[in-house]
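Only one structure is covered here, and it is reproduced in the block below.
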Amino acid sequence: MGAAIGQSLPIAVGVLVSPMPIVALVLMLVSRRARSNGLAFLLGWVVGVFVVGTVVALLAGAATTDDSSTPAWVGWLKIVLGLLLLLVGVRGWRRRPAKGATVTTPTWMASIDSFTPVKAAGLAFALGAVNPKNLLLVVSGGAAIAAATMSTSDRVVAMVVFTVVASLGVAIPYGIYVSMGDRAAQPLDRIKTWMIDNNAVIMAVLMLVLGVKILGDGLASL
Numbered sequence: 486m487g488a489a490i491g492q493s494l495p496i497a498v499g500v501l502v503s504p505m506p507i508v509a510l511v512l513m514l515v516s517r518r519a520r521s522n523g524l525a526f527l528l529g530w531v532v533g534v535f536v537v538g539t540v541v542a543l544l545a546g547a548a549t550t551d552d553s554s555t556p557a558w559v560g561w562l563k564i565v566l567g568l569l570l571l572l573v574g575v576r577g578w579r580r581r582p583a584k585g586a587t588v589t590t591p592t593w594m595a596s597i598d599s600f601t602p603v604k605a606a607g608l609a610f611a612l613g614a615v616n617p618k619n620l621l622l623v624v625s626g627g628a629a630i631a632a633a634t635m636s637t638s639d640r641v642v643a644m645v646v647f648t649v650v651a652s653l654g655v656a657i658p659y660g661i662y663v664s665m666g667d668r669a670a671q672p673l674d675r676i677k678t679w680m681i682d683n684n685a686v687i688m689a690v691l692m693l694v695l696g697v698k699i700l701g702d703g704l705a706s707l
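In the numbering used here, each residue's number is its place in the sequence shown (first place is 1) plus 485.
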C-alpha cells in the first residue's frame, strides 16, 4: 500500500493545485448561499475524484496478473498518459496570456451566485471527474495505484489517501471561510485573483512536470 500511495501522491498534489476548482469555490464562498454551496461543492469534488479514480484503479487492477512482474500494458498506459500530459502542458504553455494581458474567466462563473447546492455539487463533480485536464490526472493516479499493488483493499485505501490530498485545494478555502466568516472575504479574493491570473502557467508547468514523471515511470517499467 505504501508504494501505491507513494506513486500516486505527486499526481494528487497536481490535482490539489488545479486553479479553476479553487476559483469556483471561492466565488461560491462570497455568494448568497456560501456555507451550503461551499459544502456541497466540496462533497461533489470528493465524490467525483474518488469514484473515477477508484473505478480506474479497480478495472486496471483486474487486468493485472498475480505474478510479481509488471505487465507490459501498465508501462504502455503510463507512456500514453505521460505523452498526453506533456501535450496538454505544451499546448497550455503556448496559449498562456501575454504578460499584462487581461485574463478572461469562463462565462459560467458569472452565474455562480444563483447556484443551488445541487448545482454546486454537480459543478464540482464535473470539474473533478469530467474536466479533461483533471480527468487525465485522476486517471493517471488510479493507474499508478493499480500498478503498485495487487491488493484490492490496498488500492481502495490508497485512493482514499489520493482523494484526501487532491481535495485539500478546495477544502482549505472552505476551512478559511468557516473559521473566519465574513473576514475571509479579502484573503479569499486575493487567492481567487492570483489563481485566475496564473491559471494557464500553473496548469502548463504542472502537466509538463507530471508528464515527464509518468512517461519516465512507463519507460522504466518496460
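Every residue, glycine too, gets a C-beta built ideally from N, C-alpha and C.
Item                                                                                                                                                                                        : Value
Determine contact between the segment 591-605 and the segment 494-504, defined as no fewer than three beta-carbon pairs at a distance below 8 Å.                                            : no
Starting from the Cα of ASN616, find the closest Cα among ALA586, SER636, GLY533 and give me that residue.                                                                                  : GLY533
Enumerate in chain order the residues of its own chain whose CB-to-CB distance from VAL697 is below 8 Å, with the five nearest sequence positions on each side excluded.                    : GLY567, LEU571
Is VAL650 near MET486, with beta carbons less than 7 Å apart?                                                                                                                               : no
Could you give the distance in angstroms between the alpha-carbon of MET692 and the alpha-carbon of VAL573?                                                                                 : 7 Å
For the alpha helix (DSSP H) holding MET692, just list the boundary residues, first then last.                                                                                              : 670-706
What's the gap between the Cα of ASP682 and the Cα of MET635?                                                                                                                               : 42 Å
Does the beta-carbon of VAL506 have 16 or more other beta-carbons within 10 angstroms, so that it is buried, or is it exposed?                                                              : It is Pro, not Val, that sits at residue 506 in the sequence shown. Buried, since its Cβ has 16 or more Cβ neighbours within 10 Å.
Could you give the residue range of the alpha helix (DSSP H) that holds PHE526?                                                                                                             : 519-547
Return the chain-ordered ranges of every alpha helix (DSSP H) run that is complete within the segment 590-615 and spans a minimum of 4 residues.                                            : 602-614
Rounding to the nearest angstrom, what Cα-Cα distance links LYS563 and ASP667 in this structure?                                                                                            : 45 Å
Quick check on the DSSP output: the alpha helix (DSSP H) that includes SER652 runs from which residue to which?                                                                             : 637-665
What does the alpha-carbon distance come out to for the pair SER638 and LEU620?                                                                                                             : 23 Å
Mind checking SER596: buried by the 16 CB within 10 Å criterion, or exposed?                                                                                                                : exposed
Identify, in the order they occur along the chain, each residue of the same chain with its Cβ nearer than 7 Å to the Cβ of THR648, setting aside the five sequence neighbours on each side. : VAL531, VAL534, PHE535, GLY538
I'd like the list of long-range same chain contacts for ALA670, defined as Cβ closer than 7 Å, with 5 residues on each side in sequence excluded.                                           : VAL515
Quick check on the DSSP output: the alpha helix (DSSP H) that includes SER625 runs from which residue to which?                                                                             : 617-633
Once the 5 residues before and after ALA628 are set aside, which same chain residues still bring their CB inside 8 Å of it?                                                                 : VAL541, ALA542, ALA545, VAL559, LEU562, LYS563, LEU566
Straight-line CA distance for TRP679 to LEU673?                                                                                                                                             : 10 Å
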